[in-house]
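**Q** In the order they appear, the protein sequences are chains A and B.
With my numbering applied, the first sequence covers 1 to 297.
With my numbering applied, the second sequence covers 298 to 360.
The beta-carbon is built from N, C-alpha and C at its ideal position, and this holds for glycine as well.
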Amino acid sequence: LAASSLRFPLILGAVTAAMSALSAPDADGMASLAGFGLSPTVATIVLHAAPVVLCVGLVFAAQSLTNKANALVRIVALAGAGFGFGWALSFMLEAGAQAGPLLTAIAGPLRPPGPLELVGVVLAAMFIVMGVFIAALWLVGPSAKAAQTDDLDALDMAPHERPTLAQSAFGMLGYGLAVAALTLARLTDTPAPSPQLFGLIGAAACAMVLAMWPSWTIWANADELMRRRILDSYGLSGVAMLIVLFVWTGAELAGYAPPLTAFGAFLLLVIAQTVAAMAAGMTSGAILAAAPKAKTA
Amino acid sequence: MKNRLKVLRAERNWSQADLAEKLGVSRQTINAIEVEKYDPSLPLAFKIARLFEQRIEEIFAEA
Numbered sequence: 001l002a003a004s005s006l007r008f009p010l011i012l013g014a015v016t017a018a019m020s021a022l023s024a025p026d027a028d029g030m031a032s033l034a035g036f037g038l039s040p041t042v043a044t045i046v047l048h049a050a051p052v053v054l055c056v057g058l059v060f061a062a063q064s065l066t067n068k069a070n071a072l073v074r075i076v077a078l079a080g081a082g083f084g085f086g087w088a089l090s091f092m093l094e095a096g097a098q099a100g101p102l103l104t105a106i107a108g109p110l111r112p113p114g115p116l117e118l119v120g121v122v123l124a125a126m127f128i129v130m131g132v133f134i135a136a137l138w139l140v141g142p143s144a145k146a147a148q149t150d151d152l153d154a155l156d157m158a159p160h161e162r163p164t165l166a167q168s169a170f171g172m173l174g175y176g177l178a179v180a181a182l183t184l185a186r187l188t189d190t191p192a193p194s195p196q197l198f199g200l201i202g203a204a205a206c207a208m209v210l211a212m213w214p215s216w217t218i219w220a221n222a223d224e225l226m227r228r229r230i231l232d233s234y235g236l237s238g239v240a241m242l243i244v245l246f247v248w249t250g251a252e253l254a255g256y257a258p259p260l261t262a263f264g265a266f267l268l269l270v271i272a273q274t275v276a277a278m279a280a281g282m283t284s285g286a287i288l289a290a291a292p293k294a295k296t297a
Numbered sequence: 298m299k300n301r302l303k304v305l306r307a308e309r310n311w312s313q314a315d316l317a318e319k320l321g322v323s324r325q326t327i328n329a330i331e332v333e334k335y336d337p338s339l340p341l342a343f344k345i346a347r348l349f350e351q352r353i354e355e356i357f358a359e360a
């Protein structure tokens with residue numbers, strides 16, 4: 001097998017393994033396997049390993065079955081096999097259940113999350129998954145990018161365009177980790193000047209640097225189309241935030257909305273920028289196919 | 298805005314990447330102009346006109 005055909009299943013396998021490791025076996029699943037005579041230890045191992053083995057196996061199967069189909073059919077099949085089954089099986093495992101003790105070890109005792117913290121968790125997960133996905137596109141190669149941009153000419157992606165996907169992946173992962181660390185800092189139930197709190201805020205700051213650096217690099221190397229899209233999205237999110245904050249202020253003064261903290265405003269801005277980026281056509285822009293200038297001869 | 302970029306490029310047997318390199322922009326920008334999803338800036342339009350040795354209005358026209 002060519003190395004390029006191994007990369008995609010291995011990346012998805014690693015993501016599924018990480019999800020499986022943070023999950024706990026479902027009680028019904030354990031009971032079903034016990035019905036087949038498996039001991040609790042063996043059943044636990046089977047439930048953890050099955051998503052990874054099935055995910056990688058299905059991706060290989062999809063690759064083989066669509067070997068002679070065009071690139072788009074192959075990519076759709078691969079994405080379906082990998083993500084569909086990986087996610088579905090991980091949810092059968094009660095995904096994320098074992099993250100609780102892990103997070104407590106990092107941040108100390110945690111308070112129950114409120115609505116803002118839940119929004120933070122969802123946003124962080126979304127950015128991290130997108131970051132991993134873009135990193136997979138970067139590693140898998142140009143054919144996957146062609147599917148994302150709906151642009152078959154991207155199949156001949158120039159070598160100098162590839163690093164941009166890596167920058168986008170780092171940017172998304174940085175945002176995800178920053179939001180995750182800030183959300184965790186909000187949830188930690190330790191007194192204000194605690195090592196855990198400062199550690200989390202420091203981690204969030206490092207993650208923001210990780211997110212800002214590729215953003216700056218993308219801007220510095222972007223051509224006029226890309227810069228136009230970036231400016232459109234920031235302008236759109238600025239107007240959206242102006243309206244949202246105005247409405248929130250009115251609602252807060254009237255007693256219909258809780259006070260908006262800096263954390264709340266940060267989350268709103270992240271949401272507004274994400275929506276505006278999509279509205280400005282940047283699903284094939286800064287996030288997935290940022291376009292550095294071609295080097296002039 | 299309509300344009301003849303794809304035709305002019307094909308006449309010279311250039312790929313989108315070739316043209317992008319000559320103009321110092323990304324291949325995505327060439328693609329966006331060709332499918333009329335993006336109108337180039339005036340400096341880029343002049344650059345395109347000079348490269349193909351034609352006047353701007355011979356390449357670009359109002360839709």
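#1: With a 10 Å radius around its C-beta and 16 neighbouring C-beta atoms as the bar for buried, classify A:Arg227 as buried or exposed.
#2: Alpha carbon to alpha carbon, what distance is there between A:Ile134 and A:Asp156?
#3: Could you check which residue in B:Arg347, B:Gln351 and B:Ile353 has the C-alpha nearest to that of B:Leu320?
#4: Since I believe A:Cys55 is in contact with A:Gly13 (beta carbons under 8 angstroms), could you give me their beta-carbon distance rounded to a whole number of angstroms?
#5: Rounding to the nearest angstrom, what Cα-Cα distance links A:Leu225 and A:Ala97 in this structure?
#6: Work out the CA separation of A:Leu231 and A:Ala240 for me, nearest whole Å.
#7: Please classify A:Thr66: does DSSP put it in a helix, a strand, or coil?
#8: By the 10 Å Cβ neighbour count, where 16 or more other Cβ atoms means buried, how is A:Val119 classified, buried or exposed?
#9: Do you know whose CA, among A:Val59, A:Ala107 and A:Leu33, lies nearest A:Thr190's CA?
#10: Could you tell me the distance, in whole angstroms, from the CA atom of A:Pro214 to the CA atom of A:Ala220?
#11: For A:Ala272, which residues of its own chain have a beta-carbon under 6 angstroms away from its beta-carbon, when the five flanking residues on both sides are left out?
#12: I need the straight-line Cα distance from A:Leu47 to A:Ala136, nearest angstrom please.
#13: Could you tell me the alpha carbon to alpha carbon distance between A:Gly264 and A:Trp248, rounded to whole angstroms?
#14: What's the gap between the Cα of A:Leu245 and the Cα of B:Lys303?
#15: Does B:Asn310 come out as helix, strand or coil in the three-state DSSP assignment?
#16: Could you check whether the Cβ of A:Met226 sits closer than 9 angstroms to any Cβ belonging to chain B?
#17: Please state whether DSSP places A:Met19 in a helix, a strand or coil.
#18: Say whether the region 326 to 337 of chain B touches the region 298 to 316 of chain B, bearing in mind that this needs 3 or more beta-carbon pairs closer than 8 angstroms, one atom from each stretch.
#19: In chain D, what lies closer than 8 angstroms to A:Asp223 by C-beta?
#20: List the residues of chain A that B:Leu341 touches, going by C-beta distances under 7 angstroms, in chain order.
#21: Counting only beta-carbon atoms, is B:Ala307 nearer than 9 angstroms to chain A?
#22: I'd like to confirm the pairing. Which residues does DSSP put opposite B:Phe357 in its beta bridges?
#23: Skipping 5 residues on each side, what residues in its chain have a beta carbon closer than 6 angstroms to that of A:Gln196?
#24: Please name the residue in A:Pro25, A:Leu103 and A:Pro258 whose C-alpha comes closest to that of A:Gly114.
**A** According to the structure data:
#1: exposed
#2: Low confidence applies here, because A:Asp156 scores a pLDDT of 48, under 50, leaving its location unreliable; read the following figure in that light. Looking at the two C-alpha atoms, the distance is approximately 18 angstroms.
#3: B:Arg347
#4: 6 angstroms
#5: 44 angstroms
#6: 14 angstroms
#7: coil
#8: buried
#9: A:Ala107
#10: 10 angstroms
#11: Ser237, Ala240 and Met241
#12: 25 angstroms
#13: 11 angstroms
#14: 46 angstroms
#15: coil
#16: yes
#17: helix
#18: yes
#19: Looking for chain D here will not work: the only protein chains present are A and B.
#20: Glu224
#21: no
#22: B:Asn300
#23: Ala107, Gly108, Thr188 and Thr190
#24: A:Pro258
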